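Protein chains in written order, with the working numbering: chain A, 1 to 187; chain B, 1 to 167.
Data first, discussion second: the structure below is written as C-alpha cells.
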Amino acid sequence: MKILISSHRSLAALVHPGNSSDLGLLVRIMAALVRISSVCYRGVRPLLFRASSLIRPLAVQKKDRDCPYFISAKIHATPSNYAGSGSKAASLHWTGERILSIALLGLAPVAYYYPGPAVDYSLAAALTLHGHWGLGQIVTDYVHGDFKIKMANAGLFLLSTVTFAGLCYFNYHDVGICKAVGLLWSK
Amino acid sequence: MLLTTVARQGLCSSRLQFGVLYRHAVPMGTTAKEEMNKFWTKNTRLNRPVSPHVSIYKWSVPMMMSISHRGTGVALSSGISAFALAALVLPESYPYYLDLIHSMSFGPQFLAFSKFALAFPVAYHTFNGIRHLIWDLGKGFRIPEVYRSGYIVIALTVVTSIGLAAM
Numbered sequence: 001m002k003i004l005i006s007s008h009r010s011l012a013a014l015v016h017p018g019n020s021s022d023l024g025l026l027v028r029i030m031a032a033l034v035r036i037s038s039v040c041y042r043g044v045r046p047l048l049f050r051a052s053s054l055i056r057p058l059a060v061q062k063k064d065r066d067c068p069y070f071i072s073a074k075i076h077a078t079p080s081n082y083a084g085s086g087s088k089a090a091s092l093h094w095t096g097e098r099i100l101s102i103a104l105l106g107l108a109p110v111a112y113y114y115p116g117p118a119v120d121y122s123l124a125a126a127l128t129l130h131g132h133w134g135l136g137q138i139v140t141d142y143v144h145g146d147f148k149i150k151m152a153n154a155g156l157f158l159l160s161t162v163t164f165a166g167l168c169y170f171n172y173h174d175v176g177i178c179k180a181v182g183l184l185w186s187k
Numbered sequence: 001m002l003l004t005t006v007a008r009q010g011l012c013s014s015r016l017q018f019g020v021l022y023r024h025a026v027p028m029g030t031t032a033k034e035e036m037n038k039f040w041t042k043n044t045r046l047n048r049p050v051s052p053h054v055s056i057y058k059w060s061v062p063m064m065m066s067i068s069h070r071g072t073g074v075a076l077s078s079g080i081s082a083f084a085l086a087a088l089v090l091p092e093s094y095p096y097y098l099d100l101i102h103s104m105s106f107g108p109q110f111l112a113f114s115k116f117a118l119a120f121p122v123a124y125h126t127f128n129g130i131r132h133l134i135w136d137l138g139k140g141f142r143i144p145e146v147y148r149s150g151y152i153v154i155a156l157t158v159v160t161s162i163g164l165a166a167m
C-alpha cells in the first residue's frame, strides 16, 4: 500500500501534460485507481471506463489545506495521440467560412473595376453562401431541440436556395448585380 | 476506505502546476452536441426559468458592436433574399422599377439619406468583419485593443457611408 502511495505521488509530481506517452500510462493508472477508490462522499456520478478515445479529464483545484473533494471540469479533449477519433468537419467549416469572407472582401473592388457576368455570378454565389453560413450560426446559437434545429435548418436551406436562384435569374434575364448597383447609385 | 483517503491525500498535497491536470481521465460516451441537447431538453421540460443575463448586464461598446455585427448581417441577408425573391416574382425588369421610383420625385436629401442608409450596414458589417478576421489571426484581444479597433471600425463606417452617399 505504501509503495502504491509513493508511486502515486511521484507520478503526480512528474505529470506534465506535454508528454503524451507518460500521460497515457498515467491516465490508465489513474483511471484504475479512481475506479477502485470511487471518489469522495460528494457523490459524484459513477465514472465509467470504456476503451473509447474520447476522454474526460477532471480538473483538480487545490483551494485550501483540507480539500477532500476534487472539482471536475468536463472538457472534450481529443489529444493528438488519439488522433483519428474525431471528425474535422466543424474545423473545416470554420476555415471555409473565413476563406469565403476574404474572397467576398476581394470581390468588392473587382466588382467596381471589372463589372460583368463573371463577377455577377461569383457575387451571387459568395453572397448567398456567406449569408447562409452566417444565418446557420444564428440558428445554432438560438435554436435548441433536435426537431426545431432540423426545421430551422431546412427553412434556411430553402431560403438560401431561393435567394441563389433569384440572383442567378436576375443576372441572366435582367441587368445583373454590378449594373444594378451602378444604376441605383447613378441617380 | 483506505484507498479513498490515500487518493484524497495524494490529490491535496500534490503541487498543482497547471489549471487542469489530466490525472483522472475518464472517457465520455457522448458528444458535445448531445450534451448540449440533453441540457436544453431537460431544462425546458422542467420549465426552468433562465437567469437574466442581457437584461441586467451593463452594456459595453464591444457588446453592442458584436450584436450590431449580427444585426447588420441579418438585415443585409434579408435584403438580398427579398431582392432575389422580387426578381423571381415581379413581372417587370429592374430598370422599369428604378424609373418608377425616380418618377416619384423624392428630394435630393432623401436620395442621399437612402444611399447612406443602404451603405451604412454594408460598411459596418464589412469593417467589423475585417476586425473579426484579425481576431481569428489571434491578434488584438487585449481589452484596450478591442476598444481601439472598435472605435476605428465605427469611424471608418461613418466616413465610408458618407463618402458613398455623396457619390
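Using N, Cα and C, we set each Cβ at its ideal position, and we do this for glycine too.
Quick caveat, the model's predicted, so the values are computed rather than measured.
Legend entry - Minimum C-alpha distance to B/G163 - residue among B/V153, B/A119, B/H132 and B/V61: B/A119
Inset, instruction - Return no unless some Cβ of chain A is closer than 7 Å to the Cβ of B/A84. - result: yes
Legend entry - Proximal chain A residues relative to B/T172, where beta-carbon distance stays under 7 Å: Nothing can be reported for residue 172 of chain B, as the shown portion of chain B is limited to 1 through 167.
Legend entry - Inter-residue spacing [alpha-carbon to alpha-carbon] between B/S60 and B/H69: 14 Å
Inset, instruction - Check whether the Cβ of A/L129 lies closer than 7 Å to any Cβ atom in chain B. - result: no
Legend entry - Per-residue burial, B/K115 [other beta carbons within 10 Å of its own, 16 or more giving buried]: buried
Legend entry - In DSSP terms, what A/A103 is bridged to: According to DSSP, A/A103 bridges with nothing at all.
Inset, instruction - Report the rounded CA-to-CA distance for B/I56 versus B/M63, giving the unit in angstroms. - result: 13 Å
Legend entry - Cut-off 8 Å between Cβ atoms - residues of its own chain near A/A125, not counting five sequence neighbours on either side: F164
Inset, instruction - Quick one: measure Cβ to Cβ for A/A152 and A/V143, integer angstroms, because I've assumed they're closer than 8 Å. - result: 5 Å
Legend entry - Nearest neighbour of B/I80, chosen from B/I143, B/L46 and B/V122 [CA to CA]: B/V122
Legend entry - Same chain, Cβ closer than 6 Å to B/A25, five either side skipped, listed in chain order: none
Legend entry - chain B contact for A/T180 (CB, 7 Å cutoff): Residue identity check: residue 180 of chain A is Ala in the sequence provided, not Thr. Closer than 7 Å: yes.
Inset, instruction - Consider the Cβ of A/S186: report whether some Cβ of chain B lies at a distance smaller than 7 Å. - result: no
Inset, instruction - Quick one: give me the first and last residue of the alpha helix (DSSP H) that B/H169 is part of. - result: Look at the range of chain B in this structure, 1 to 167, and you will see that residue 169 of chain B is not part of it.
Legend entry - Rounded separation between A/L167 and B/R48 - CA only: 44 Å
Legend entry - Inter-residue spacing [alpha-carbon to alpha-carbon] between A/L100 and A/H130: 7 Å
Inset, instruction - Answer with yes or no whether the minimum CB distance from A/Y142 to chain B is below 7 Å. - result: no
Inset, instruction - Could you tell me how far apart the beta carbons of B/G140 and B/V146 are, in whole angstroms, since I believe they sit closer than 8 Å? - result: 7 Å
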